[in-house]
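This report refers to the structure that appears directly beneath it.
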Amino acid sequence: MKKFSKVISAILTVATVVSMLTCSLSVSAADPAVNKLTGTTKLSSKSLASGVTYASYKGKAYGASANLQFDVVEVDMSSKNLYIDNVYGGKTAAHAYKGGASILSSFKSANSSLTPIAAINADLWWMYTDSAKENLAGNGSLLAAGSSGHAMSLGFSMSNGEIYTSDRLPGESFIARDGKQPLNYENYVSFGITSDSVPVISNPDVELTVKNTTQNKTTPADGVNRLPVNNAIVMYTDKGPKQSYCNTDAVEVKIKCSAYTVKHGAKITGTVESVSLAGKTRPTMTADSNYIILTARGTRYNDLSGYKTGDKIEISVNVFDRDGKYTKEWQKVTDAISGHLRFATDGTYSTNNVAISTSYPATLIGITKSGNVVMMTYGQAQTGTARQGIASGGIVQLCKDLDLKDGFVLDGGGSTQMYLKEGTSYVHVNNPTEPNRSLLNLLVLSTGPNRAAQGTIPAVASRDKDMTTLDFSKEGNNWYLSDQTPVERKGNDVKFRYDETQKALKVTTLSTKDPYIEIDYSASSPKVSATSKKYLAIEYMLPTTNSSKATKGQIFLNGKTMGNTSTYTRDGKYHTMVIDYTSKATWKSNVSKLRFDIFASASSGDTIYIKSIKFLDKNPNATPVPTAKPSATTAPATKPPATQAPVTTAPVVTEGIVVTEAPVTEAPVEDVPAEDPVDDGEESGLPMGAIIGIIAGGVVLAAAIVVTVILISKKKK
């Protein structure tokens, strides 16, 4: 018995040694700031708090034309004493300019239990003047006349549990002051932190329903604290501008409300205090006054013009994710900031055909594959020198080196600023070209009392790699169409999103100018062959509220027109349209791009819901050939053995994050860092550290077994 005890003891000892060796050869995925920045030298690094590291790097890296400085703060939010807040320079989301150090000091004074330890400039924001002209509507009207200097966030933002701005509206497309540069509409991406400290990046937005209970009329509103654009209703809150700065053609309704907070699930009630029709004096309000102003223009004017003083109003708020991935998480977000240039999405990297100047320093926010938050600035290596930055290809490599699952650029230029706490002060650690520039808001990392444990970090929604069938009832397949990397896709005069109620892709026209969506099929594995698949099936639904103009669509394959679709059925029910291209000579080769003009003719606001788009080798509606009846001598089918497992259909599951390089759609040589070429391969299998650990462990285990055998042998002697 003692022999066996010693043998067991020896084996346990060996196992312990193997375990220790294996652990020493691997790095914890959640250990902050473990990434090496290619072609740089580390200047300094330190721990700011438990779970927080700061590191500074310098180098002529990522395709830069001069030495740059990179400042990185990495945060593991599983540490219970960490907090992330979006902090404005004032009480509202507009005109809240203030110096960064002043914003931090004010935040500290108002929150005695928290100690800010790091901060970066936050939202991408803009200033517009009354010289800007509306572009999308094509009417050339001045946008927001008299609003010179008005500033606001470009996308969805929240602070302290309240929505300050919704995502940018389609109508916020205008011509700049020089009359040359059209600033077209695009969705904006946001970073948010939930009430249980889970970070998330995607494309959140808000649905608003306004009910006049006195008149029993209900109408949707289009946005919160956005520009007062044509053909829309915008809700202005007491966290927005003091007035809408709307054009003279608008109607505005001022509502006195009970105390309210604009957040998911909110029901805001109030009474109409005044109605200002076109050309009349405009209402104003102050911060925290519990007022709301509804502004309507164009086709939405009559939705509000019939409101009367004393009418009772109820406004409902619903938050959702246009990407269809993280709606549940966004409904719990308390603080959020926005930007627009995604370089990492779901662990896939791409420049998105976006060109960024090498003279543009910038701030980047991201989430690593392990769930850590990365706050970063990069730019010139010395204060007082000209602006320096990196081009798009370099940013892609930077995101790889930072191990980002999701990441995007915030504001940049002179606004690029990172602050750290030094003693009782907050100082720049980067080298801003305009260190005294006032900012709209900061993303602030603080320490404080222990909070509840961090919630579960969501898995990446699964998507089908084979694009032969694009099933849009799966949230993950919305990835192929929304403003996400890696494939090139675009829409013209349409807005699209994953609709949770319909479990389908919802596409809505913004104007009558050739509305379409375009999908890049180069990402499909295997490739989709139009030569062998001559039928295209589209499962769709048209609401009965659509105009009578929206009767047909058009299809383009690989840049060539394939003609009109058949006539849609407009009855609020789903139908499958099968288009036969067997006689179309140009319907051939592998599919690279499919352009779907959803309506050949339409009115603004016409909508189509798409469940799926399928390439088929046979017409599913064809009459089947009758099967010959077997003769009397035909042997019966053999019954499978009782032990044979039944055929099952694999359930849809979430997948692990696989880092892949985007399909090459452009090759700007100047965007590729000379120091470290971009890897076009796909990472798979175990990381090298794990492989080395396994090999080392195996060697040690083998040696231990030999030693154990010798010991036993000697004992027997």
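Note that the sequence shown ends on residue 717 in my numbering; no numbers are left out. Think of the CB as a built atom: it goes at the ideal place given N, C-alpha and C, for glycine as much as any other residue. In this text the structure is predicted, and so the values were computed from the model without any measurement.
- A straight line joining the alpha-carbon of residue 507 with that of residue 541 spans about 11 Å.
- A buried status is given to residue 74, since no fewer than 16 other beta-carbon atoms sit within 10 Å of its beta-carbon.
- In this structure, the beta-carbon distance from residue 125 to residue 411 falls below 9 Å.
- Within the same chain, Cβ atoms closer than 6 Å to the Cβ of residue 257 are found at 268, 270, 290, 292, the five residues on either side in sequence being excluded.
- Taking C-beta atoms as the reference points, residue 549 and residue 564 fail to come closer than 9 Å.
- Remark: C-beta atoms of residue 367 and residue 407 approach each other more closely than 9 Å.
- Counting only unbroken stretches of 3 or more residues, the beta strand (DSSP E) elements lying wholly within the region 377-424 are 404-412, 418-422, in sequence order.
- Contact annotation: residue 472 and residue 535 have beta-carbon atoms that are not nearer than 9 Å.
- Judged by DSSP secondary structure, residue 327 falls within the alpha helix (DSSP H) whose first and last residues are 327-330.
- Beta-carbon to beta-carbon, residue 82 and residue 57 are separated by about 23 Å, too far to satisfy the 8 Å threshold.
- The beta carbon of residue 572 lies closer than 8 Å to those of 541, 542, 543, 544 in the same chain, with the five residues before and after it left out.
- Judged by their CB atoms, residue 386 and residue 309 are not nearer to each other than the 9 Å cut-off.
- Among the bridge pairs identified by DSSP, residue 98 is matched with 439.
- With 16 or more neighbouring CB atoms inside 10 Å of its own CB, residue 334 falls in the buried class.
- Looking at the DSSP output, residue 536 sits in a beta bridge with 579, 615.
- The C-alpha of residue 427 lies about 36 Å from the C-alpha of residue 264.
- About 6 Å separates the beta carbons of residue 46 and residue 54, which is inside the 8 Å limit, making them a contact pair.
- Under the DSSP definition of a beta bridge, residue 165 partners with 157.
- In the structure shown, the three-state DSSP call for residue 108 is helix.
- It is roughly 10 Å from the alpha-carbon of residue 287 to the alpha-carbon of residue 90.
- The continuous alpha helix (DSSP H) containing residue 305 extends over residues 301-305.
- A contact is defined here as three or more CB-CB pairs under 8 Å, and the region 418-425 fails this definition with respect to the region 91-98.
- For residue 292, the beta-bridge partners assigned by DSSP are 255.
- Here residue 125 carries a strand assignment [DSSP, helix/strand/coil].
- Counting of Cβ neighbours within 10 angstroms places residue 417 among the buried residues, the total reaching 16 or more.
- Per DSSP, reduced to three states, the secondary structure at residue 371 is coil, with no helix or strand assignment.
- A straight line joining the alpha-carbon of residue 223 with that of residue 513 spans about 23 Å.
- In this structure residue 248 is in contact with residue 278, their Cβ atoms being roughly 6 Å apart against a cut-off of 8 Å.
- Counted as a single uninterrupted DSSP element, the beta strand (DSSP E) harbouring residue 562 occupies residues 560-564.
- The straight-line gap separating the alpha-carbon atoms of residue 560 and residue 166 is approximately 38 Å.
- Relative to the Cα of residue 475, the nearest Cα in the group 562, 210, 219, 497 belongs to 497.
- The Cβ atoms of residue 72 and residue 402 lie closer than 9 Å to each other.
- If you draw a straight line from the Cα of residue 362 to the Cα of residue 232, it is about 33 Å long.
- Using a Cβ distance threshold of 9 Å, residue 196 and residue 156 do not count as a contacting pair.
- By the beta-carbon neighbour count (other beta carbons within 10 angstroms, threshold 16), residue 215 is exposed.
- In this structure, the alpha-carbon of residue 429 lies about 11 Å from that of residue 382.
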